Every structure is written in C-alpha cells, then in structure tokens.
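The numbering of the sequence shown is the working numbering, which starts it at 5 and goes up by one.
Don't be surprised by glycine CBs; every beta carbon is placed ideally from N, CA and C.
Every value quoted in this text rests on a predicted model; they were computed, and no experiment measured them.
Data block below; observations after.
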Amino acid sequence: MKLAAVVTVFLEHEGRIALFRRSASVSTYQGCWAGVSGYLEGEPVEHFKVELAEETGLNPYEYRLLRAAKPIEVADGERLWLVHPFLCRLLVEPGRIVLDREHDAVGWFEPAEIGNLQTVPGLYEAWHAVSAVSAHERLEAVCAELAQDRHAGAHELARRALEFLAAEVEISNAASCEVLLADLGHQIARLSRLRPSMAAIATSLALVRRALERESVLSRATAGALIGAELEDLKAAPSRAAGHLQALIAPGSRVLLHSYSSSVTAALPLLKELNCSVVVSEARPGLEGRRTAAAAAAMGLDVTLVSDAAVASLTDEIDLALFGSDSLLPDGSVINKAGTALFAAWLESAGRPVYFLAERRKLSLSAAAVLEVHESAELWDAPPDGLKVLNCYFDRTPARLIAAIVLEDGPVEPYQIRRLAEEILHTGA
Numbered sequence: 005m006k007l008a009a010v011v012t013v014f015l016e017h018e019g020r021i022a023l024f025r026r027s028a029s030v031s032t033y034q035g036c037w038a039g040v041s042g043y044l045e046g047e048p049v050e051h052f053k054v055e056l057a058e059e060t061g062l063n064p065y066e067y068r069l070l071r072a073a074k075p076i077e078v079a080d081g082e083r084l085w086l087v088h089p090f091l092c093r094l095l096v097e098p099g100r101i102v103l104d105r106e107h108d109a110v111g112w113f114e115p116a117e118i119g120n121l122q123t124v125p126g127l128y129e130a131w132h133a134v135s136a137v138s139a140h141e142r143l144e145a146v147c148a149e150l151a152q153d154r155h156a157g158a159h160e161l162a163r164r165a166l167e168f169l170a171a172e173v174e175i176s177n178a179a180s181c182e183v184l185l186a187d188l189g190h191q192i193a194r195l196s197r198l199r200p201s202m203a204a205i206a207t208s209l210a211l212v213r214r215a216l217e218r219e220s221v222l223s224r225a226t227a228g229a230l231i232g233a234e235l236e237d238l239k240a241a242p243s244r245a246a247g248h249l250q251a252l253i254a255p256g257s258r259v260l261l262h263s264y265s266s267s268v269t270a271a272l273p274l275l276k277e278l279n280c281s282v283v284v285s286e287a288r289p290g291l292e293g294r295r296t297a298a299a300a301a302a303m304g305l306d307v308t309l310v311s312d313a314a315v316a317s318l319t320d321e322i323d324l325a326l327f328g329s330d331s332l333l334p335d336g337s338v339i340n341k342a343g344t345a346l347f348a349a350w351l352e353s354a355g356r357p358v359y360f361l362a363e364r365r366k367l368s369l370s371a372a373a374v375l376e377v378h379e380s381a382e383l384w385d386a387p388p389d390g391l392k393v394l395n396c397y398f399d400r401t402p403a404r405l406i407a408a409i410v411l412e413d414g415p416v417e418p419y420q421i422r423r424l425a426e427e428i429l430h431t432g433a
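Right, dumping it as structure tokens:
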C-alpha cells in the first residue's frame with residue numbers, strides 16, 4: 005500500500021465550515037467535497053499555510069489557527085493517506101476567498117452535514133479529529149459518570165474531575181494557549197454544575213481556574229503542572245486532616261461513622277492505633293456504609309454495622325461521632341449523606357461531641373444549600389398510584405450541633421468557616 009502524507013485545512017466562519025468541491029481539472033476525487041488540502045512538503049504546521057494561500061488566496065493575517073490534530077490514517081484502495089488536519093477561523097468575509105483551478109465551488113456547511121456529503125475519503129474523520137467534538141464527547145461521558153455515581157464521596161469525585169482536566173491538557177488538539185484556556189474554562193464550568201451538594205468538585209475546579217488565569221503566559225506544560233499540583237494537594241488533604249484527630253479522640257472510644265468518606269477512611273489507621281471500636285450506619289439507599297465497615301474490618305478494627313434507624317438505640321454506647329462532609333457552608337453548617345443531621349441531633353442532646361472531617365476544597369463558594377434528590381426507584385421501583393417517593397441523598401447539619409470541623413490545618417469551630425470561605429473567594433488559596 006502506497007503511503008502519501010497530506011495536510012487538510014478546515015476553515016470556520018460563524019459556526020459553519022467551508023468545503024471545496026474538487027473540479028474536473030484534478031486527477032482524483034472529481035466532484036467530491038474536501039478541505040483545503042495538498043501533499044505535505046516540510047513541516048505540517050508551516051505547509052498548511054502554503055496550501056491556504058494557493059487554493060484560497062488567503063494570507064496568514066486573514067485567518068487564525070485554532071486546532072491541529074495528530075495525523076490520521078485513511079485507506080483508499082491501494083493508497084494510504086496520512087492526513088494532518090488543521091482548523092482555522094476565517095477573520096475576513098467569506099467573499100475574500102478566491103478559488104484556484106483545483107476547485108469549482110465553495111460551500112459553507114453545518115458540521116453535522118459533513119457526514120452526509122459526497123466527500124474525499126476520510127474527510128469526516130479528519131474533521132472529527134480536529135474539531136472540538138471529540139473533547140465534547142469525552143466531557144459528556146465523564147459528566148454522566150460523575151452525575152450518576154451514587155457511591156463515591158465528594159473527595160473522590162473532585163479527584164476524578166481534576167484527573168479528567170489533566171488528561172485533557174495532554175491530549176487537547178488546541179493549537180494555542182488561548183484556545184486551550186477557553187476549552188478548560190468550558191470544561192470547568194460544565195463539571196462544576198454536576199453535583200451541587202458536593203462543593204469539593206466546584207471549589208477544586210475554581211482553584212484551578214484562578215491559578216490558570218493568574219498566569220501571564222500560559223503554556224500546555226504550565227497548565228498541566230498547575231492542575232497536577234492541585235491534584236496532589238487534594239490527594240494529601242484527607243491524611244493531613246486525619247492527623248489532627250489524636251487530640252480530640254480518647255483511646256478506647258466507641259466512634260459512630262456514617263456512609264462512606266475518603267476523609268474518614270484516612271482516619272481509620274489512627275482509630276486502630278487508639279484502640280477504638282466503630283459503629284457504622286449503612287447509609288440507605290446506597291448502603292455506602294458497608295464499604296466503610298469493610299475497610300475498617302480489614303484494618304483489624306472492632307466494627308459493628310447497623311441500620312440507620314438503629315443508631316438511636318445505641319446513643320448511650322457511643323462516645324463521639326466522626327463524619328465526613330460533602331459541603332461546608334459559610335454559616336458553619338455541613339451538608340453530608342442523609343441521616344447525618346439526625347444522628348448529630350441525637351448525639352449532641354446526649355452530650356456526645358460531633359466532629360466533621362473535611363478539607364478546604366469542601367468550603368462552598370455559595371451560601372445557598374442544595375440538597376440533591378435522586379431517582380425514586382432506588383427506594384421503591386413500582387410504588388402504588390398516587391404515592392410520592394422522595395429520595396433525599398443529603399441533609400444539612402446545623403452549626404450548633406457541631407463540636408469542631410477538622411481541616412488540613414487543624415480543628416476549627418463552625419463560626420470560623422465563613423472567614424475561610426472568604427479567603428478562598430478573594431485569594432484562591
């Protein structure tokens with residue numbers, strides 16, 4: 005199979021893509037729509053400008069390079085084309101284009117129309133590779149995954165969101181840092197809206213966005229390094245916070261845990277070291293508490309798994325509660341898995357301290373509390389007619405029930421949360 009390397013350039017103007025119909029003067033693919041293309045001579049990033057000048061009469065000041073994809077292979081009979089795709093934005097009116105002998109018409113098409121046209125081989129694949137479509141598809145896939153996850157906590161979902169951004173920086177087809185920053189901004193905005201009860205996602209992404217915007221000259225390497233640093237800091241946060249618990253928990257304490265939390269899981273080794281026993285509520289309907297109980301048992305802790313409703317009968321046997329957190333609101337209240345507020349009320353009234361493990365990224369940048377409600381089928385998949393099923397996944401524990409919120413830098417009282425949230429809002433740190 006004979007290999008031939010070519011460049012193919014797509015011109016975009018007001019959302020439409022210019023395609024050029026190959027004329028009777030060319031030897032191949034007569035009458036087919038194509039991009040501006042030609043056999044590669046030299047470096048692709050320079051040669052595409054030559055083809056644009058020859059086939060459209062455009063000079064480099066009349067368009068701007070947006071994207072450049074890795075070459076794709078297109079087989080056609082005995083020939084294998086190695087296509088280097090480029091996408092440029094036309095900065096002048098379309099009438100400025102002057103056709104050469106290779107084409108007899110130029111048409112402006114919606115991207116979705118390209119696949120329905122009679123084109124040169126692989127044109128749609130080349131367009132797909134160099135457009136923002138691939139990135140959009142990847143974004144929507146990860147959004148669906150994070151939105152539908154009913155088992156991972158806020159820390160885990162924030163980590164996965166940052167890992168997605170880091171991967172996008174590596175594989176992005178953006179040809180300039182301006183385009184890359186715009187892509188990342190769109191991805192951050194979309195991801196930030198996914199789980200309103202889990203502030204760690206939006207706050208982590210806001211910290212990344214501000215770090216990117218502070219860079220006077222942003223490169224792909226710098227963007228990757230900034231996201232990587234935030235990711236490493238996030239990963240270290242649960243262990244850092246757990247390290248401050250020793251001053252709060254007496255040896256041999258019986259500790260109530262609820263649902264699943266990366267922060268609480270990071271504290272299990274300390275609870276083992278202090279010879280504590282744990283009571284874990286199962287956290288209906290997802291039963292995430294089983295995951296916590298299994299992890300604690302694997303470490304050799306004395307573990308009792310109970311139903312959520314049974315916690316009230318065990319209040320006298322529990323010395324303290326240690327809960328994770330999904331969001332810390334400015335008034336010092338905490339959003340966490342449903343059941344948390346009720347347990348906190350029972351224990352506080354019995355004189356038992358209630359502690360929340362968290363990290364700065366769980367500080368909500370909004371004062372509004374959003375408690376997610378999920379599919380009713382998780383509670384009852386076929387309820388009788390006329391019966392409403394409300395599947396509340398989160399609740400809000402008032403500040404007055406909380407003894408302390410333990411962050412990476414140590415325990416704070418709930419009233420201090422407002423100041424910490426303002427620090428993030430104003431300094432991004």
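{"Asked": "DSSP on Thr308, reduced to helix/strand/coil?", "Found": "strand"}
{"Asked": "Check Gly111 in the structure and name its three-state DSSP category.", "Found": "strand"}
{"Asked": "With H, G and I counted as helix, E and B as strand and the rest as coil, what does DSSP make of Thr401?", "Found": "strand"}
{"Asked": "Using the C-alpha atoms, what's the distance from Gly42 back to Ile205?", "Found": "46 angstroms"}
{"Asked": "Can you list, in chain order, the residues of its chain whose CB lies under 7 angstroms from that of Leu274, leaving out five sequence neighbours each side?", "Found": "Ala246, Leu249, Gln250"}
{"Asked": "With a threshold of 8 angstroms, are at least 3 pairs of Cβ atoms found where one atom belongs to the stretch 350-366 and the other to the stretch 285-305?", "Found": "no"}
{"Asked": "Once DSSP output is grouped into helix, strand and coil, what is the label at Pro255?", "Found": "coil"}
{"Asked": "Alpha carbon to alpha carbon, how far is Val338 from Ser201? Give it in angstroms, no decimals.", "Found": "10 angstroms"}
{"Asked": "Unbroken beta strand (DSSP E) runs of length 3 or more, entirely within the stretch 44-112: which are they?", "Found": "67-72, 76-80, 83-94"}
{"Asked": "Between which two residues does the beta strand (DSSP E) containing His132 stretch?", "Found": "It is not in any beta strand (DSSP E) - His132 instead sits in the alpha helix (DSSP H) that spans 127-134."}
{"Asked": "Helix or strand or just coil, what does DSSP make of Glu16?", "Found": "strand"}
{"Asked": "In this structure, how does DSSP classify Val283 when only helix, strand and coil are distinguished?", "Found": "strand"}
{"Asked": "From the DSSP output, in three-state form, read off Ala408 for me.", "Found": "strand"}
{"Asked": "Residues in its own chain within less than 7 angstroms of Val11 by CB, not counting five upstream and five downstream?", "Found": "Ser41, Gly42, Leu44, Pro48, His51, Phe52, Glu55, His88, Phe90"}
{"Asked": "Would you mind sorting Pro64 into buried or exposed? The rule is 16 or more other CB atoms within 10 Å of its CB.", "Found": "exposed"}
{"Asked": "Tell me which residues share the same chain as Ile428 and place their Cβ nearer than 6 angstroms to its Cβ, disregarding the 5 neighbours each side in the sequence.", "Found": "Leu367"}
{"Asked": "Within the same chain, show all residues whose beta-carbon is closer than 6 angstroms to that of Ser281, passing over the 5 residues directly before and after it, in chain order.", "Found": "Arg258, Asp306"}
{"Asked": "Between the beta-carbon of Thr344 and the beta-carbon of His262, is there less than 9 angstroms?", "Found": "yes"}
{"Asked": "By alpha-carbon positions, which one of Val268, Leu252, Ala72 ends up nearest to Ala448?", "Found": "Since the first and last residues shown for the chain are 5 and 433, residue 448 lies out of range."}
{"Asked": "Measure the alpha-carbon distance for Leu260 versus Ser267 and round it to whole angstroms.", "Found": "14 angstroms"}
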